[in-house]
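Q:
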Amino acid sequence: MKFTKPLALLVGLGLAASFAGCSGNNSSGVTATAGSSYSSTVDQGAGANATAFEFWTFVELHGKFYETMAGKWNAQHPDKQVKINVNVMPYDDMHNKLQLALNAGEGVPDIVDIEVGKFPNFTAGTPQLMDLTQVAAPYAKDIVPARMKLYQMNGKQYGLPTHVGAMLAYYNTDLLTAAGVDYTTIKTWDDFKAAGAKYVAATGKPFSTADTSAMWQISLLLGQNGSDYLTADGKLQVNNDTMAKGYQMLKDMQDAGVLKTIDGGQPDTEQAYGLINSGEYAAVVMPEWFMSRYPAYMPDLAGKVAIAAPPVNADAKYKTIGQGGTGTAVPLKGKNPEAAAEFLAYAKLSVDGATEIWNSLGFDPTNMALWSNQAVTHDPNNAFNKYFKNNVFDVLNTFKDSIGFLQSQTFQAMPNVNNAFGTTVQNEIFENGADIKATLDQAQADLKNELGQ
Amino acid sequence: MRDQGDRMRKLLYSQKLAPYLFILPFILTFGLFWLYPVIQAVVMSFQKILPGMTTYIGTTNYSRLFGDRIFWLALTNSVRYMVLTLVLLIPIPLLLAVLINSKLGNPKIKNFFKSTMFVPALTSVVVAGIVFRFLFSESDSALMNSIVEFFGFGPVKWLKHDLTGLAALLVIAMWRWTGVNMMYFLAGLQAIPTELYESASIDGANAWQKFWSVTVPNIKPTIVYVVTISVYGGLAMFLESLMLYGNNNSPFNQGLTIVGYLYRMGIEKNDMGYASAVGVVLLVLVLTINLIQLTATGTFKKETR
Amino acid sequence: MTTTQPSPRPANPGPAPTRRTPKKTRTLGQRIFLYAVFAFAVLLCLIPLWAILMATFQPGNMVFRNGLNLGLDFSSAGLQNWVMLFTDSGSYFVWFGNSLIITLLQTAGTLLVSSFVAYGFAMYEFRFKTALFVCVLIILTIPFEMLMLPLYVQINNWKMSDSYLAIILPFLASATTIFFFRQFLRGMPRDILEAGRIDGVTEFGIFFRLILPLMKPAIAAMAILNAMASWNNFLWPLLVLRTPGKYTLPIGLNTLLTPYGNDYSLLFIGAFFSIIPILILFLLFQRFFIEGMTAGAVKG
Numbered sequence: 076m077k078f079t080k081p082l083a084l085l086v087g088l089g090l091a092a093s094f095a096g097c098s099g100n101n102s103s104g105v106t107a108t109a110g111s112s113y114s115s116t117v118d119q120g121a122g123a124n125a126t127a128f129e130f131w132t133f134v135e136l137h138g139k140f141y142e143t144m145a146g147k148w149n150a151q152h153p154d155k156q157v158k159i160n161v162n163v164m165p166y167d168d169m170h171n172k173l174q175l176a177l178n179a180g181e182g183v184p185d186i187v188d189i190e191v192g193k194f195p196n197f198t199a200g201t202p203q204l205m206d207l208t209q210v211a212a213p214y215a216k217d218i219v220p221a222r223m224k225l226y227q228m229n230g231k232q233y234g235l236p237t238h239v240g241a242m243l244a245y246y247n248t249d250l251l252t253a254a255g256v257d258y259t260t261i262k263t264w265d266d267f268k269a270a271g272a273k274y275v276a277a278t279g280k281p282f283s284t285a286d287t288s289a290m291w292q293i294s295l296l297l298g299q300n301g302s303d304y305l306t307a308d309g310k311l312q313v314n315n316d317t318m319a320k321g322y323q324m325l326k327d328m329q330d331a332g333v334l335k336t337i338d339g340g341q342p343d344t345e346q347a348y349g350l351i352n353s354g355e356y357a358a359v360v361m362p363e364w365f366m367s368r369y370p371a372y373m374p375d376l377a378g379k380v381a382i383a384a385p386p387v388n389a390d391a392k393y394k395t396i397g398q399g400g401t402g403t404a405v406p407l408k409g410k411n412p413e414a415a416a417e418f419l420a421y422a423k424l425s426v427d428g429a430t431e432i433w434n435s436l437g438f439d440p441t442n443m444a445l446w447s448n449q450a451v452t453h454d455p456n457n458a459f460n461k462y463f464k465n466n467v468f469d470v471l472n473t474f475k476d477s478i479g480f481l482q483s484q485t486f487q488a489m490p491n492v493n494n495a496f497g498t499t500v501q502n503e504i505f506e507n508g509a510d511i512k513a514t515l516d517q518a519q520a521d522l523k524n525e526l527g528q
Numbered sequence: 102m103r104d105q106g107d108r109m110r111k112l113l114y115s116q117k118l119a120p121y122l123f124i125l126p127f128i129l130t131f132g133l134f135w136l137y138p139v140i141q142a143v144v145m146s147f148q149k150i151l152p153g154m155t156t157y158i159g160t161t162n163y164s165r166l167f168g169d170r171i172f173w174l175a176l177t178n179s180v181r182y183m184v185l186t187l188v189l190l191i192p193i194p195l196l197l198a199v200l201i202n203s204k205l206g207n208p209k210i211k212n213f214f215k216s217t218m219f220v221p222a223l224t225s226v227v228v229a230g231i232v233f234r235f236l237f238s239e240s241d242s243a244l245m246n247s248i249v250e251f252f253g254f255g256p257v258k259w260l261k262h263d264l265t266g267l268a269a270l271l272v273i274a275m276w277r278w279t280g281v282n283m284m285y286f287l288a289g290l291q292a293i294p295t296e297l298y299e300s301a302s303i304d305g306a307n308a309w310q311k312f313w314s315v316t317v318p319n320i321k322p323t324i325v326y327v328v329t330i331s332v333y334g335g336l337a338m339f340l341e342s343l344m345l346y347g348n349n350n351s352p353f354n355q356g357l358t359i360v361g362y363l364y365r366m367g368i369e370k371n372d373m374g375y376a377s378a379v380g381v382v383l384l385v386l387v388l389t390i391n392l393i394q395l396t397a398t399g400t401f402k403k404e405t406r
Numbered sequence: 434m435t436t437t438q439p440s441p442r443p444a445n446p447g448p449a450p451t452r453r454t455p456k457k458t459r460t461l462g463q464r465i466f467l468y469a470v471f472a473f474a475v476l477l478c479l480i481p482l483w484a485i486l487m488a489t490f491q492p493g494n495m496v497f498r499n500g501l502n503l504g505l506d507f508s509s510a511g512l513q514n515w516v517m518l519f520t521d522s523g524s525y526f527v528w529f530g531n532s533l534i535i536t537l538l539q540t541a542g543t544l545l546v547s548s549f550v551a552y553g554f555a556m557y558e559f560r561f562k563t564a565l566f567v568c569v570l571i572i573l574t575i576p577f578e579m580l581m582l583p584l585y586v587q588i589n590n591w592k593m594s595d596s597y598l599a600i601i602l603p604f605l606a607s608a609t610t611i612f613f614f615r616q617f618l619r620g621m622p623r624d625i626l627e628a629g630r631i632d633g634v635t636e637f638g639i640f641f642r643l644i645l646p647l648m649k650p651a652i653a654a655m656a657i658l659n660a661m662a663s664w665n666n667f668l669w670p671l672l673v674l675r676t677p678g679k680y681t682l683p684i685g686l687n688t689l690l691t692p693y694g695n696d697y698s699l700l701f702i703g704a705f706f707s708i709i710p711i712l713i714l715f716l717l718f719q720r721f722f723i724e725g726m727t728a729g730a731v732k733g
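Chains as they are written, first to last, in our numbering: chain A, 76 to 528; chain B, 102 to 406; chain C, 434 to 733.
(1) How is GLY397 of chain A classed by DSSP in three states: helix, strand or coil?
(2) Taking only runs of the alpha helix (DSSP H) that begin and end inside the region 158-225 of chain B, which ones reach a length of at least 4 residues, in chain order?
(3) With DSSP run on the structure shown, which of helix, strand or coil describes TRP591 of chain C?
(4) Determine the closest residue to LYS35 of chain A out of A:SER283, A:PRO370, A:GLY240 and A:PHE418, with distance taken between C-alpha atoms.
(5) Beta carbon of THR403 of chain A, beta carbon of LEU424 of chain A: below 7 angstroms?
(6) In angstroms, rounded to a whole number, what distance separates the CA positions of ASN314 of chain A and ASP206 of chain A?
(7) On the three-state DSSP scale, how would you describe TYR245 of chain A?
(8) Roughly how far, in whole angstroms, is the beta-carbon of ALA660 of chain C from the beta-carbon of LEU714 of chain C, given that I think they are within contact range, below 8 angstroms?
(9) On a CA-only basis, which of C:ALA654, C:ALA484 and C:VAL470 is nearest SER242 of chain B? Give me that one, please.
(10) Taking GLY240 of chain A as the reference, which of A:LEU136, A:GLY437, A:ASN300 and A:GLU503 has the closest Cα?
(11) So what does DSSP say about ALA127 of chain A, is it helix, strand or coil?
(12) Could you give the distance in angstroms between the alpha-carbon of ASN247 of chain A and the alpha-carbon of ALA381 of chain A?
(13) Report the neighbours of LYS172 of chain A on chain C: residues whose CB is nearer than 7 angstroms to its CB, in chain order.
(14) Using a beta-carbon distance cut-off of less than 8 angstroms, what residues from the region 176-208 of chain A approach chain B?
(15) Nearest CA to the CA of ALA704 of chain C: which residue from B:PRO221, B:MET154, B:GLN394 and B:TYR121?
(16) Could you list which residues in chain C have their beta carbon closer than 9 angstroms to that of ASP168 of chain A, in chain order?
(17) To the nearest angstrom, report how far apart ALA488 of chain A and PHE496 of chain A are at their CA atoms.
(18) From the DSSP output, which residues share a beta bridge with MET228 of chain A?
(19) I want to see whether chain A comes within less than 7 angstroms of MET283 of chain B, judged by CB atoms only; does it?
(20) Is the CB of ASN502 of chain A under 7 angstroms away from at least one CB in chain B?
(21) From the DSSP output, in three-state form, read off VAL117 of chain A for me.
(22) Just to confirm before moving on: does the CB-CB distance between ILE575 of chain C and PRO670 of chain C stay below 7 angstroms?
(23) Mind checking if PRO165 of chain A is an interface residue toward chain C, Cβ cutoff 7 angstroms exclusive?
(24) With a cut-off of 8 angstroms on the beta carbons, I'd call ASN171 of chain A and GLU369 of chain B a contact; round off their distance for me.
(25) Quick one: which chain B residues come within Cβ less than 8 angstroms of TYR468 of chain C?
(26) Look at LEU296 of chain A and GLY321 of chain A and say whether their C-beta atoms are less than 7 angstroms apart.
(27) Just tell me which of C:GLU627, C:GLY620 and C:MET593 has its CA closest to the CA of VAL673 of chain C.
(28) Can you give me, in chain order, the residues of the region 343-364 of chain B that have a beta carbon less than 7 angstroms from any beta carbon in chain A?
(29) Measuring CA to CA, which of A:PRO213, A:TYR214, A:PRO236 and A:LYS216 is closest to LYS224 of chain A?
(30) Using the Cβ count rule (16 or more neighbours within 10 Å means buried), how would you classify GLU724 of chain C?
(31) For the region 391-417 of chain A, which residues have a CB atom closer than 9 angstroms to at least one CB atom of chain B, in sequence order?
(32) Figure out for me which residue from A:LEU407, A:ASN229 and A:ALA377 has the closest Cα to the Cα of LYS464 of chain A.
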């Protein structure tokens, strides 16, 4: 039984290869950091009497953010200090586990990040989350109302928003200039298409992405035109005309070569970062938080990317909409929910919190008082300000009063809609070239059945 | 004191009682972890379960289920996968086992082969899923795409089309289970007395005739066993798809299986009642197929003898 | 029964001593065919393993971007992942240790309990035996996945979630293992029992002292299969476990797949490394493996 032979061979070959590998230089520009199992690096300045809170999130950086905010809170409130114990889990697992824990009323976290697309699952039945209206009140006047509404149900505030996530356009100016395209002239969707066509003609490469696994683009089009996936009372209307027109417009651009599907299904994936970084796509229309992905995953584009308002037609109701986000919530069965809620409101809604959200996460905070604070927003040492060609707040302030919101995001049907669109509808349209109206009708029928509407 | 000792002794030596004590752990497991959950699943399938609110809703979950296109899609996907794994994972491992069991070839080489074939089964679905997901990447530098390009075809979006996605799932199944099934068959083959082959030789049977008249009838119980666990495994497949597609939401739901749908509805959408109905349908399906199979092949009769 | 030197069955008695066959060329052709098939199958088996080995030398996100292949991209290859695994891999070895503990407990427990039960089924006649054994056969065909939701609710109600007990307990009396052991025991002469009884050994003493040692080959075979299943168990522990410090290796590896963790470097080397313990176990036990499998084979 000389089974060891293949193993020895394998190891031997592996070693040989690795020695060869050593001579090659690590020029990928990717630095390996510690494993994703979370390790705290922030001093929270919590004393012995601090209340320890178990915090669940699916974003590692959010853990650091709350720890930093705990430090600030503790300095200002020595009498009610807190200590945040971060537990980072994968996106799906975290939401599933939270659901199961809330159902069981046992093993719940004290504070938890819930992604906006999953939030309605947690306001179903008798919500097991605390009403945060009271603790949010002191900050409410400065907060973008649309973002608070996302996490409301029956007049109760079950979660607090992190950012606005305003839809923006990101242009790779190097590529555009080389192709003779001036991004500043792009105002309407027709402009976008024309610029794209010009770019395609000059380079033979796609201008931007057609997204299959995420709905940033179609949601923007719906929001700009005052339509939605669901009616105001939560009934399905996913085959409405605005939707069909929106997809038709995107599909026309795909047919013209302006848009092309991207590996990964949408820009916010590792595969897509690679392709955007290497210049395969010149523009993306994504929420504000996509900014934070550039320095981290697309280092080669430093100094080349400009930010602009998304294309919008003249008759649009809103110029942009906020998308994505996490509603941070306090489970009723958690430890000392009142204290947790008070800290949470400070961390997410105060100007201190907003400053930290921009500085460390690169997000557009919901507290608009910060948007005009030039000392913070235009800090030349800010990593995001250094990376991008222009300042994002200059862009955000151009449409600060015209940020729309999809009411559907708060309904329990929405996670099912997301599912149907992210798996089937958009793949049918952009990958299979299926008839748009028929696809949407099918989705409407499927969802009606699935939801029992 | 003495009395107690006596009773203890009696207990330990009782041939009447002993069998019940021996099988007690099974009875407990069966009752607590199988029977009770099965009943629970049936009960839940007639309920609408929301946090803090559980209501009896009759057969609503089932009527929703039968009109649910996605459920039927998931069911079709599972059945299709199960049938294809049977088609692939019975004959091929059997052929390999017969080759190993033949008189030809160096036993050392054959042992090496046996062991190597078993190694993929040692990897977890997580690892297998990760590996195959990236072998089947859309990128033109991934292995599968470099192979099709070698034959002059463009890069394929493997995991965005139904049939190529199915092929990837079958490749994973083949990779992980060929060696295991081969082992089962080999064990069955080695238990066949060599005299049977010798007398067949004397009767002038060629290799092919020997295979059909000696090998197959004699390893029928093994085949039945492998078919049973393959039906089970095929219909219950979920993790392979979850790992291959990176989540439970594959394009067009092409990787969605019954268990995937149960997981989606029960865990991801928190609709436990509806998910339980899915589970009950799955249970009935698997039980029916396997009971028919086990009865038809006479296994039940023989095993419970 | 108890050959201390278990050798593979002589089903294939080496190069045939009978040289009088005139069809030498035909056997040569057959042999070439045989080896060609073997080589091809082995190649297919090893390619994915080779691919993941190659991935351990690449930055993780490069694999996400470019997919896996058999060669190395030397511009970005290096040993950084290997260094990281042993110096800065966060909880990796905690998961590893947890998996080892669970695998050990679960395998040992399952073997003991299942052999115990199988012995009861194989060696005694008692009321309801047939009905109960039908239950074993039925469990053999019920997918656990179908029961996972109610089972999970139940585990929660019993305040057992987030514990190793909840992972191990429901599967201690494993139907597959019971079935296999019963097959094995049925081939065993009952004289041993009688001899034991005459010597005044208790019914349980007979099992532990006389029978269990004879079951070695079957236990070895089932040890491999059970350890494999336990080491790689994913879905149930994923539902049950909540505390990161309790995660097992497959669950831990899965957490590395999150798009929000921004680091995939540990993923591939972690996956590669997770194969090793179970591989070692297999190499140690594989001599008994085939023998045990054969002895417990489903017989006609």
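Virtual Cβ for every residue (Gly too), placed ideally from N, Cα, C.
This one's a predicted model, so the numbers in the text were calculated from it and none came from an experiment.
A: Reading off the structure:
(1) Against the first sequence, residue 397 of chain A aligns to sequence position 322. Residue state, collapsed to three classes: strand.
(2) For the region 158-225 of chain B, the continuous alpha helix (DSSP H) assignments of 4+ residues that do not extend past its boundaries occur at 161-167, 170-190, 192-202 and 208-219, in sequence order.
(3) Residue mapping note: residue 591 of chain C aligns to position 158 of the third sequence, counting from 1. Looking at TRP591 of chain C - three-state DSSP - the assignment turns out to be coil, as it is neither helix nor strand.
(4) No statement about residue 35 of chain A is possible, as the shown extent of chain A runs from 76 to 528 and does not include it.
(5) Taking the first sequence and counting its residues from 1, the one referred to as residue 403 of chain A is at position 328. Taking the first sequence and counting its residues from 1, the one referred to as residue 424 of chain A is at position 349. With a cutoff of 7 angstroms on beta-carbon distance, THR403 of chain A and LEU424 of chain A are scored as not near each other.
(6) The sequence position of residue 314 of chain A within the first sequence is 239, counting from 1. The sequence position of residue 206 of chain A within the first sequence is 131, counting from 1. Using only the alpha carbons, I get a separation of about 34 angstroms.
(7) Within the first sequence, numbered from 1, the residue matching residue 245 of chain A stands at position 170. Correct three-state label for TYR245 of chain A: strand.
(8) Locating residue 660 of chain C in the third sequence gives position 227, counting from the first residue. Locating residue 714 of chain C in the third sequence gives position 281, counting from the first residue. Contact between ALA660 of chain C and LEU714 of chain C holds: their C-beta atoms lie close to 6 angstroms from each other, under 8 angstroms.
(9) Counted from its first residue, the second sequence places residue 242 of chain B at position 141. Nearest to SER242 of chain B by alpha-carbon distance, out of C:ALA654, C:ALA484 and C:VAL470, is C:ALA484.
(10) Along the first sequence, one-based indexing puts residue 240 of chain A at 165. With respect to the C-alpha of GLY240 of chain A, the residue from A:LEU136, A:GLY437, A:ASN300 and A:GLU503 having the closest C-alpha is A:GLY437.
(11) The sequence position of residue 127 of chain A within the first sequence is 52, counting from 1. It is a strand residue.
(12) The count along the first sequence starts at 1 and reaches residue 247 of chain A at position 172. The count along the first sequence starts at 1 and reaches residue 381 of chain A at position 306. The alpha-carbon atoms of ASN247 of chain A and ALA381 of chain A are separated by roughly 7 angstroms.
(13) Position 97 of the first sequence, counting from 1, holds the residue named residue 172 of chain A. Chain order gives the chain C residues near LYS172 of chain A as ARG675, where near means a beta carbon separation below 7 angstroms.
(14) Residues LEU177, ASN178, ASN196, ALA199, GLY200, THR201, PRO202 and GLN203.
(15) Looking up residue 704 of chain C in the third sequence gives position 271. If you compare the alpha carbons of B:PRO221, B:MET154, B:GLN394 and B:TYR121 with that of ALA704 of chain C, the shortest gap goes to B:PRO221.
(16) Here the question's residue 168 of chain A lines up with position 93 in the first sequence. Annotation: Cβ neighbours of ASP168 of chain A in chain C (cutoff 9 angstroms, chain order): LEU671, ILE684, ASN687, THR688 and THR691.
(17) Along the first sequence, read from residue 1 onward, the residue named residue 488 of chain A stands at position 413. Along the first sequence, read from residue 1 onward, the residue named residue 496 of chain A stands at position 421. Their Cα atoms are separated by approximately 12 angstroms.
(18) One-based indexing of the first sequence puts residue 228 of chain A at position 153. DSSP lists A:LYS231 as partners of MET228 of chain A.
(19) Against the second sequence, residue 283 of chain B aligns to sequence position 182. Cβ-Cβ to chain A under 7 angstroms: no for MET283 of chain B.
(20) Sequence index remark: in the first sequence, residue 502 of chain A carries index 427 (1-based). Answer yes: the Cβ-Cβ gap between ASN502 of chain A and chain B drops below 7 angstroms somewhere.
(21) For the purposes of this step, residue 117 of chain A is taken as the residue at position 42 of the first sequence. DSSP places VAL117 of chain A outside both helix and strand once states are collapsed to three, so it counts as coil.
(22) Position 142 of the third sequence, counted from the first residue, corresponds to residue 575 of chain C. Position 237 of the third sequence, counted from the first residue, corresponds to residue 670 of chain C. No, Cβ-Cβ distance for ILE575 of chain C and PRO670 of chain C is not below 7 angstroms.
(23) In the first sequence, the residue the question calls residue 165 of chain A occupies position 90. Yes, contact with chain C.
(24) On the first sequence, position 96 is the one that residue 171 of chain A refers to. On the second sequence, position 268 is the one that residue 369 of chain B refers to. That pair is a contact at about 6 angstroms.
(25) Position 35 of the third sequence, counting from 1, holds the residue named residue 468 of chain C. Against TYR468 of chain C, the close residues of chain B are GLY206 and ILE210, in the order they occur along the chain (beta-carbon pairs closer than 8 angstroms).
(26) In the first sequence, residue 296 of chain A corresponds to position 221, counting from 1. In the first sequence, residue 321 of chain A corresponds to position 246, counting from 1. Closer than 7 angstroms, so yes.
(27) The residue labelled residue 673 of chain C in the question sits at position 240 within the third sequence. Checked all of C:GLU627, C:GLY620 and C:MET593; the closest Cα to VAL673 of chain C is C:MET593.
(28) Going along the region 343-364 of chain B in chain order, one finds ASN348, ASN350, SER351, PRO352, PHE353 and ASN354 with a Cβ nearer than 7 angstroms to chain A.
(29) For the purposes of this step, residue 224 of chain A is taken as residue 149 along the first sequence, with counting starting at 1. Ranking A:PRO213, A:TYR214, A:PRO236 and A:LYS216 by Cα distance to LYS224 of chain A puts A:PRO236 first.
(30) In the third sequence, counting from the first residue as 1, residue 724 of chain C sits at position 291. By the Cβ neighbour-count rule, GLU724 of chain C is buried, with 16 or more other Cβ atoms within 10 Å of its own.
(31) Going along the region 391-417 of chain A in chain order, one finds no residue with a Cβ nearer than 9 angstroms to chain B.
(32) In the first sequence, residue 464 of chain A corresponds to position 389, counting from 1. Comparing Cα-Cα distances from LYS464 of chain A to each of A:LEU407, A:ASN229 and A:ALA377, the minimum goes to A:ALA377.
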